[in-house]
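Enquirer: Sharing a structure with you now.
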Amino acid sequence: MLGKLKDYDIFENNSDKYQHNPAFQIIGDDVWTTNIIPHLTQQQVAYLRSTCHYFYDIECVKQLKQEHRIKLNNDVLKALKRKMQIFARRGVDNDQTFVSKCQSIRLQIHWDCYLSMYPFADFLMLGKSPKRIEDDITSLFTKKKKKVDWQPLPKNVEQLHLEFEDYKQPYVVQSMFNATEATAEHEKDNMSIRRQSRLKIRECREEDEWKKVIKVLLSKCKDHMKSIQVTNHQKEHYEGHLDLLLVISEYCGPFSHLCICCWTNEIRQVIERCKIRHLEISMLSLHMLQSIHCLDDQSK
């Protein structure tokens, strides 16, 4: 016989033994990040991240600490809030070495994102009926919200880079309907709605929530900001894709350098409010040139 369970110390309180014996110390995040995960295959790492919150959390912290990158996709507002919660829970602000060296942060917004948290997008993807969509939306905005801590960007951040990634593959709308002509047309309309709404923040029902999140995100570094850059690798510059920059500029102090992917007349307000001295625009059309030709005269 194997004997009684108690003979194997299974139910014994050995916390003191583990605490004082280095051999029993709990493996920390840094050990997983530097010594274990690099030896796993990409498939194994992806599996760990997708099945365990712990590994997802330490991967997010790794991206922030080692790459100075915050990866955002799908519902960007929801993703950003979740990352800020993870950083707060993991106490990244307590790592003084990281805080002192972190002068640049890249918000990497992936191709399948939509900034507006547009509620129809996910529901239409599932092919739900209009009544079900309405019920789901009602439920979404009547939930009692829990109070959570959000971690701002480190105080030494001077450069903020908003990077819109390019499409990696054609986006396919999956539906629970049968493949009929009517369904194909329905999915085409849904995709059009998603494209039109995906990068908008202003004039959407989550605009105030966006402003609240950005205000917290920049609360420590807003007065130290020197440069903001917007890079768009997408083939199309959708309407509203500069909304995030416009919201961020509302909560930043003066900064001297602005590099943007294209022009909209609202950038004038950013230039005046933030006292921009150096402006770079990577893509200009004739219409854009006509709209900014008198910018220098107005700024004098």
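To convert, note that position 162 of the sequence shown is 217 in the numbering used here; the numbers rise steadily by one, no gaps.
Beta carbons: idealized from backbone N, C-alpha and C, even for Gly.
Which residues does DSSP pair with E261 in a beta bridge?
Expert: Answer is none; E261 lacks a bridge partner.
Enquirer: From the DSSP output, in three-state form, read off S274 for me.
Expert: Looking at S274 - three-state DSSP - the assignment turns out to be coil, as it is neither helix nor strand.
Enquirer: If you drop the 5 nearest sequence neighbours on each side, which residues of the same chain put their C-beta closer than 7 Å to that of E262?
Expert: Correct list, in chain order: I256.
Enquirer: Report the rounded CA-to-CA distance for L179 versus V116, giving the unit in angstroms.
Expert: Bear in mind that a pLDDT of 43 at L179, under 50, signals an unreliable position, so the number given afterwards is only what the model happens to contain. The alpha-carbon atoms of L179 and V116 are separated by roughly 33 Å.
Enquirer: How about the stretch 315-324 and the stretch 288-306: do they share at least three Cβ pairs that are nearer than 8 Å?
Expert: With the cut-off at 8 Å, the stretch 315-324 and the stretch 288-306 touch.
Enquirer: Drop a sphere of 10 angstroms on the beta-carbon of I37, count the other beta-carbons inside from all chains shown, and report buried for 16 or more, exposed for fewer.
Expert: The shown model of the chain, from 56 to 355, leaves out residue 37, and the question about it has no answer.
Enquirer: For the putative contact between R161 and H216, defined by C-beta atoms under 8 Å, what is the C-beta separation to the nearest angstrom?
Expert: That belief holds up - the Cβ atoms of R161 and H216 are roughly 4 Å apart, short of 8 Å.
Enquirer: Under three-state DSSP, which class holds D148?
Expert: Note: D148 maps to helix in three-state DSSP.
Enquirer: Using a threshold of 9 Å, state whether the C-beta atoms of M280 and L273 are closer than that.
Expert: Yes, Cβ-Cβ distance for M280 and L273 is below 9 Å.
Enquirer: DSSP state of D85, grouped into three classes?
Expert: Of the three classes helix, strand and coil, the one that applies to D85 here is helix, per DSSP.
Enquirer: Mind checking M365: buried by the 16 CB within 10 Å criterion, or exposed?
Expert: Because residue 365 is not part of the residues shown, which for the chain are 56 to 355, the question remains open.
Enquirer: Classify G308: buried if its beta carbon has 16 or more other beta carbons within 10 angstroms, exposed otherwise.
Expert: The residue in question, G308, is exposed, as its Cβ has fewer than 16 Cβ neighbours within 10 Å.
Enquirer: Whose C-alpha, out of T88, V154, I125, is nearest the C-alpha of F219?
Expert: Out of T88, V154, I125, I125 has the C-alpha closest to the C-alpha of F219.
Enquirer: Going straight from the alpha carbon of S282 to that of N129, what length do you get?
Expert: So the alpha carbons of these two residues sit roughly 26 Å apart.
Enquirer: Buried or exposed for E258, going by 16 or more other Cβ atoms inside 10 Å?
Expert: Per the 10 Å Cβ criterion, exposed.
Enquirer: Have a look at D112 and Q214 and give me their C-alpha separation to the nearest angstrom.
Expert: Between D112 and Q214, the C-alpha separation is close to 24 Å.
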